[in-house]
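Residue numbers (this note's numbering), protein chains in the order written: chain A, 10 to 333; chain B, 10 to 333.
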């Protein structure tokens with residue numbers, strides 16, 4: 010059993026040792042640039058956590074470390090085109106720094122590299138690992154499609170929103186843990202619990218992201234609060250507020266989001282006032298709590314060494330403390 | 010052993026039986042639309058030819074039929090964005106009919122589906138098949154990057170051009186045949202020859218495409234001649250002409266491509282006059298002949314039933330007769 014710090018060191022070394030520089034440089038420079046920007050490498054860490062939990066051979070997990078991180082970054086490259094996002098991890102996005110064609114093509118190449126790495130997994134693990142990985146990839150694309158659809162839809166329900174973040178974010182975290190479990194030849198039922206643990210942590214993490222955007226500590230969270238309100242994003246908080254709002258409160262929210270001329274600070278303050286009146290902060294925290302508790306229960310029920318299970322719990326806590 | 014007509018019927022049935030309609034429809038409608046447009050399904054046919062040649066179980070090839078065609082169409086969706094191409098197979102391209110985001114995301118999903126299908130290949134075949142498929146995918150992306158780069162580069166050599174079309178077109182044909190051979194558990198050396206046969210047919214096919222654009226029978230080829238000249242595309246013919254041209258002929262070509270005001274017909278006629286003076290048609294035919302002969306030699310050297318090898322030769326002839 011390894012500590013989280015040890016597992017993080019393995020992830021770090023794996024990416025330092027791996028080269029992403031090939032010809033043509035026009036295609037691979039954006040890939041080195043993207044993977045060189047760091048990021049938290051949560052998914053590879055989860056692969057190792059899943060593998061270590063069931064006493065797997067960590068060296069066998071190497072292809073899955075690379076695959077999950079390459080895949081995640083590929084989705085960011087393409088998402089940034091769709092969102093026309095200028096910045097990512099404090100640096101220019103690939104489509105901005107280069108162009109859309111290159112961001113499409115470098116992304117495609119990262120996806121191909123991800124699956125290429127998986128082909129070197131132990132043969133008896135590969136079919137299930139590849140099926141899991143590619144089905145997850147489809148879910149992530151579907152989630153992104155819903156996210157894009159929701160931007161222009163008026164009647165998004167909480168259920169639909171939760172399903173969207175499940176697909177867009179949570180399933181890949183579940184997949185990462187389960188890949189590790191598969192590589193460790195964990196029993197099917199235990200691998201499934203690992204998956205569900207990761208999925209619930211992913212849900213909690215994404216909901217917390219929504220919460221921190223408005224109620225977060227700017228210094229600790231690393232970005233200004235209220236960005237989602239300014240962007241008019243349909244977050245859990247906003248959808249919940251609409252669900253619970255009185256006609257007057259609905260009108261107030263509508264007014265905030267339909268008048269582009271309202272100064273940002275005023276808009277944030279007015280929306281926040283509605284949130285406060287409706288206890289949106291507590292409701293969101295309770296929704297996060299549901300997923301967090303479910304994750305912990307799942308963790309308890311996994312048949313594995315206590316040390317490994319405690320490590321998973323520590324990981325979950327640190328994810329949600331945002332210390333990563 | 011099956012006839013080409015029988016193999017084509019299997020391909021046709023496979024795609025008729027497979028559904029591509031899932032939720033969200035915004036993501037999957039463009040996939041059904043793309044795969045429903047037909048196309049020649051050359052790659053799945055080549056998978057079956059490769060499998061049948063080595064007496065493989067054709068039903069085991071099903072995942073590879075779907076994977077090669079899904080992958081090929083995924084690249085078309087993304088290429089059409091990069092080329093801003095309005096039409097494909099006589100219909101609006103996906104990014105035109107829907108939008109760029111959807112064309113990116115539907116393409117990504119098709120790539121994921123391609124690899125998902127591969128995960129159901131027989132377990133002992135999967136590692137090598139997946140490695141081949143994903144390495145080929147990377148080559149195709151690299152080829153597309155070179156193609157995009159060449160548009161704005163002045164000094165593209167014939168060698169570079171041939172390498173580009175090899176990556177962009179030929180390797181996937183080689184891959185398709187070899188996938189079939191792998192599924193039939195062909196000996197490694199024979200599978201390699203099948204790959205090289207496919208690659209050479211691909212080179213011949215692409216060079217013929219360049220040739221037909223200017224010297225083709227408009228009725229038979231299905232499009233107006235001279236399109237590449239009007240688009241200023243660096244084809245084998247144009248690069249060869251620049252290589253062989255006298256200073257006067259170079260100046261004539263430069264003049265044709267630098268004056269946008271020259272009427273299309275006149276431009277085509279003037280470039281064609283230079284091609285004729287330099288025997289470009291014969292030189293291109295001879296280059297096609299080199300790849301065609303190499304393919305036939307490779308075919309002869311494959312250790313397999315004569316009937317199967319004759320089928321491959323028939324296939325090659327029909328590819329290059331453009332009767333497909």
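For each residue, glycine too, the CB sits at the ideal point set by N, CA and C.
Relative to the Cα of residue 301 of chain B, the nearest Cα in the group B:178, B:66, B:205, B:96 belongs to B:205. Residue environment for residue 215 of chain A: buried (at least 16 other C-beta atoms within 10 angstroms of its C-beta). Cβ contact annotation for residue 289 of chain B (same chain, cutoff 7 Å, sequence separation greater than five): 246, 249, 250, in chain order. In the structure shown, residue 162 of chain A falls within a coil segment according to DSSP collapsed to helix, strand and coil. Straight-line spacing of the CA atoms in residue 85 of chain A and residue 268 of chain B works out to 42 Å. For residue 35 of chain A, the neighbours in chain B by C-beta distance under 9 Å run, in chain order, 154, 155, 157, 158.
Interface annotation, residue 90 of chain B: in contact with chain A, CB-CB separation under 8 Å. Taking a Cβ-Cβ threshold of 8 Å, the residues of chain A close to residue 87 of chain B are 113, 114, 117, in chain order. If one requires a minimum length of 3 residues, no beta strand (DSSP E) run lies completely within the region 10-69 of chain B.
For residue 72 of chain B, there are no C-beta contacts with chain A under 8 Å, since the nearest C-beta of that chain is about 11 Å from it.
At a cut-off of 8 Å between beta-carbon atoms, residue 185 of chain A makes no contact with chain B.
By the neighbour-count definition (other C-beta atoms within 10 Å, threshold 16), residue 307 of chain A is a buried residue. Burial check for residue 219 of chain B: the Cβ neighbour count within 10 Å reaches 16 or more, so the residue is buried. Annotation: the continuous alpha helix (DSSP H) that includes residue 86 of chain B extends over 71-92.
Around residue 10 of chain B, no beta-carbon contact reaches into chain A at under 9 Å, the shortest distance being about 30 Å. In the assembly as shown, residue 147 of chain B is a buried residue. Its beta-carbon has 16 or more other beta-carbons within 10 Å. Per DSSP, reduced to three states, the secondary structure at residue 97 of chain A is strand. Here residue 202 of chain A carries a helix assignment [DSSP, helix/strand/coil]. Residue range 273-286 is occupied by the alpha helix (DSSP H) that includes residue 286 of chain A. For residue 59 of chain B, the number of other beta carbons within 10 angstroms of its own is at least 16, and it is reported as buried. Per DSSP, reduced to three states, the secondary structure at residue 130 of chain A is coil, with no helix or strand assignment. Interface annotation, residue 75 of chain A: not in contact with chain B, CB-CB separation never under 8 Å.
Restricting attention to B:151, B:82, B:202, B:164, the CA atom closest to the CA of residue 175 of chain B is found in B:151.
The continuous alpha helix (DSSP H) containing residue 249 of chain B extends over residues 245-253. Of the residues assessed, residue 189 of chain B falls on the buried side of the cut-off, its CB having 16 or more other CB atoms within 10 angstroms. Exposed is the label assigned to residue 166 of chain A, since fewer than 16 other Cβ atoms lie within 10 Å of its Cβ.
Put simply, of B:233, B:209, B:317 the residue whose alpha carbon is nearest the alpha carbon of residue 180 of chain B is B:209. Secondary structure note for residue 185 of chain A: its alpha helix (DSSP H) is the uninterrupted segment 180-192. Taking 8 Å as the CB threshold, residue 166 of chain A stays off the interface with chain B. The alpha carbon of residue 191 of chain A has as its nearest neighbour, out of A:72, A:91, A:257, the alpha carbon of A:72. Relative to the Cα of residue 120 of chain A, the nearest Cα in the group A:142, A:244, A:69 belongs to A:142. Identification of chain B residues near residue 44 of chain A by a Cβ-Cβ cut-off of 9 Å yields none; the smallest Cβ-Cβ distance measures about 16 Å. For the C-beta of residue 144 of chain A, the chain B residues within less than 7 Å are, from N- to C-terminus, 125. Selection B:105, B:87, B:158 evaluated against residue 95 of chain B yields B:105 as nearest (Cα-Cα).
Of all residues in the region 272-290 of chain A, none places a beta-carbon less than 8 Å from a beta-carbon of chain B.
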